[in-house]
Each structure stands twice: as C-alpha cells, then as structure tokens.
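*Asks:*
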Amino acid sequence: MKGLCINVVDSSIWVETEKPEELWISLTSAFAKRYLPRLKLSIECRPDAVIYWLHRDVKFKVLTHYLLTHGLPSMFIVEGKYPSAYSNEPPFFFILQVMAYVLGKKGYVVLTDSITIERGGKAILFLGYPHSGKSSISALAFSRGFKVYATENTVVRVSKPLKVVNGSSVLVYDPAIKNLYDVEITPDGVTKHGYEYLDLEAREANPLRELDVDKVFVIHSGFTCKGFSTSPITGRKIRKTLWYFSTSLLKGVDYYEPQPLGNLITEDVANTLQRFLEIVEEDYNNKVYEVFGSIPEIFENTVLITKPSV
1 MKGLCINVVD SSIWVETEKP EELWISLTSA FAKRYLPRLK LSIECRPDAV
51 IYWLHRDVKF KVLTHYLLTH GLPSMFIVEG KYPSAYSNEP PFFFILQVMA
101 YVLGKKGYVV LTDSITIERG GKAILFLGYP HSGKSSISAL AFSRGFKVYA
151 TENTVVRVSK PLKVVNGSSV LVYDPAIKNL YDVEITPDGV TKHGYEYLDL
201 EAREANPLRE LDVDKVFVIH SGFTCKGFST SPITGRKIRK TLWYFSTSLL
251 KGVDYYEPQP LGNLITEDVA NTLQRFLEIV EEDYNNKVYE VFGSIPEIFE
301 NTVLITKPSV
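Structure below.
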C-alpha cells in the first residue's frame, strides 16, 4: 500500500493508504488550513506515529490505536473516506489530535482556540473560547499591517523563552467587522455559511519562522462589548488557564464524530506539558492578562502598546 510522510516542525506522521495524493489534497485545502498547522511532505520518514488508513465508503472511525513511548512510533488504524469540508470533517480533527500528540512527544504544545500576532519581531498570543473575538482582532490587526502567524491553533516550542514555530494559516472572520471597525480587507474566499477568509499561507503573508512569545492575553469580547478593562492572571490561575488551552486537543475536548480519542497524555507528553506550565508560571508571571471590552479598544491596548494598563 502507498503512503505519505507528513511533517510538522520536526515531527512526522506516516500515513499508509490507498490514495495518498487524494488525502494530501484534502489536508492542504483551505478548510483544513483553518485548523491544521502548516504541513510539509517529507521524502525520508522517521515517523513519530503511523496511521493505517483503510479507504472505505463508510463513516470515519478509529478502529484501534497503540501509544508508545521512548522514541517508538505510535500506531493508529482508521477506516472511512478521506476528509472533505462540511460533508466529512471528523478526519481533519483526528489528524489534528494526532499532530498535537506527536508534537507533545517532541517538546511542543499545540494551543487550541489561539491566534498569534507579530509585534516588533515577537509573538503576542490571544487565547479565548469560541466567539470571544480572536478572529475579529486578527482581521483588524492584519488590516493595520500586522502579521498574523496562527489563526486557530498555535504550535509552541517549550523553551526559555517560549517560541511560536507554526500554526494554522486560514483566517475566517465575520464580514460585519468591515463596517463595525472600519476594516478594509479583500477576502480570498467565502465559506458555506457566509464568513470570509484569508489564506495567509497562499499570500505568503506569514512565512514560517520562530517568534519569541512576549505576552499572552485571554480575550473576552464580542460585537456588543464596549470599553476596555484588564486583569493580570497570576499564581495557580496561570496553570489552570493554560492547562485548558494546551490539553484540549490531547484530551479530545475538540469534538469530532463518532467521538475523539481519549486521553493522549502519555508520560513524555506529560513532561512537555509540565515544563510548559513551569515556564509560563516562572517567566510570564507578569505577562499573562485577561482582557475585556470592544475589539478596537482591546487591539489598541494590547497590540498597539507594550503593556496594558490595569
């Protein structure tokens, strides 16, 4: 059976399947890039995980999996059609979950519900639950000339300082922001539900390079919000907050049918997570904030200035 080697940063997944070219087209589509980090094909493969994909005309399902440690590749056996936007989405999120796992084995965390904006050669991370304003502030930043490096999921190298090294590259936003916030953007396309999107990778607007993480903001906003306020996140709350965003993919919180895999936090992944939380608590104790208010005022008080006023 044929296959392809998918590379993310320095982690690799070998997928053995009947029609690898068709699968690769699916995994590099605009829909896929809303969620998956930027992928590369590798000729030589030393996989951290192997997926045996039985291409059948049935609903997608993970038949079995074996998680191995100490540098050995884990194994997943799945069946079903290859992923496609709207009609067969679960395989996209399965692949994303496996990527979060193999990256965790190699010393990286994948922060879900996150976006990354470059300012002054460093990364500003915005974390937030769905519909909390992340896409709107990303689109606003892009329209003002800032580079957006991750649009939904961010790959962070666990080091001192933390470094953004990869992330999803299609930014989906509500076109209502154009009138609300005086945003001038020409979209690359429109989704099935009427949202516009930018393909930052196709535009070469966010070429891959490492960015030191400068600050982290947990955003709470919406179209009806006004003003601006902020509160530092300190002590145990830093770990509690970052634990959610760094483990959601691993624990299957990001749902897909019939159900996500269970806990993928093996010993080596747990070591990465522990190190990540230690660095955030020790080195970012005065650099993690919750921010509340309108999108323009949050943008002005976070991206446009060095330190938010408390």
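The sequence shown begins at 1 in the UniProt record's numbering and counts up one residue at a time. For each residue, glycine too, the CB sits at the ideal point set by N, CA and C. Note that the structure is a prediction, hence the values are computed from the model and not measured.
Residues in its own chain within less than 6 angstroms of P90 by CB, not counting five upstream and five downstream?
*Replies:* Excluding sequence neighbours, P90 sits near F60, Y256 and E257.
*Asks:* Assuming F292 is part of the beta strand (DSSP E), what are its boundary residues?
*Replies:* Here the beta strand (DSSP E) through F292 covers V288 to G293.
*Asks:* So which of L242, G227 and R34 has the shortest CA-CA distance to F217?
*Replies:* When only C-alpha atoms are compared, the closest one is L242.
*Asks:* My output table needs one value for P258: the three-state DSSP class, helix, strand or coil.
*Replies:* It is coil, neither helix nor strand.
*Asks:* At a cut of 8 angstroms, does the segment 172–183 reach the segment 262–272 through at least three beta carbon pairs?
*Replies:* With a cut-off of 8 angstroms, the segment 262–272 and the segment 172–183 do not count as touching, because too few Cβ pairs lie within range.
*Asks:* Go to R157, then tell me how far its beta strand (DSSP E) extends in each direction, as first and last residue.
*Replies:* Start and end: T154 to R157.
*Asks:* What residue does the beta strand (DSSP E) around K237 start on, and which one ends it?
*Replies:* First-last for K237: R236 to T247, but that is the alpha helix (DSSP H), not the beta strand (DSSP E).
*Asks:* Could you tell me the alpha carbon to alpha carbon distance between V62 and V156, rounded to whole angstroms?
*Replies:* So the alpha carbons of these two residues sit roughly 27 angstroms apart.
*Asks:* Taking 8 angstroms as the limit between beta carbons, can you name the residues of its chain near Y197, skipping five residues before and five after?
*Replies:* If we look at Y197 and ignore the five residues flanking it on each side, its Cβ neighbours are A30, R34, V170, L171, V172, Y173, P187, D188, G189, V190 and T191.
*Asks:* Looking at the secondary structure, which residues open and close the beta strand (DSSP E) in which R119 lies?
*Replies:* Counting along the chain, the beta strand (DSSP E) containing R119 begins and ends at S114 to R119.
*Asks:* DSSP three-state label for Y35, please.
*Replies:* Here Y35 sits in coil by DSSP.
*Asks:* Go ahead and pull the three-state DSSP assignment for Y101.
*Replies:* If DSSP states are grouped into helix, strand and coil, Y101 belongs with the helices.
*Asks:* Pop quiz: S132 and I177 are said to be a contact at Cβ under 8 angstroms. What is the actual Cβ separation, rounded to whole angstroms?
*Replies:* 14 angstroms between Cβ atoms; not a contact.
*Asks:* Within 10 angstroms of its Cβ, does T224 collect 16 or more other Cβ (buried), or is it exposed?
*Replies:* Answer is exposed; the Cβ neighbour count stays below 16.
*Asks:* What's the call for V310, buried or exposed, on a 16-neighbour Cβ count within 10 Å?
*Replies:* Reliability fails at V310, whose pLDDT of 47 lies under 50, so the model's placement of it is uncertain and the value that follows must be treated cautiously. Per the 10 Å Cβ criterion, exposed.
*Asks:* Near F299, what residues of its chain come up, given a Cβ to Cβ distance below 6 angstroms and the 5 sequence neighbours on each side ignored?
*Replies:* These residues qualify, in order along the chain: I137 and L140.
*Asks:* In whole angstroms, give me the CA-to-CA distance for L67 and G227.
*Replies:* Between L67 and G227, the C-alpha separation is close to 48 angstroms.
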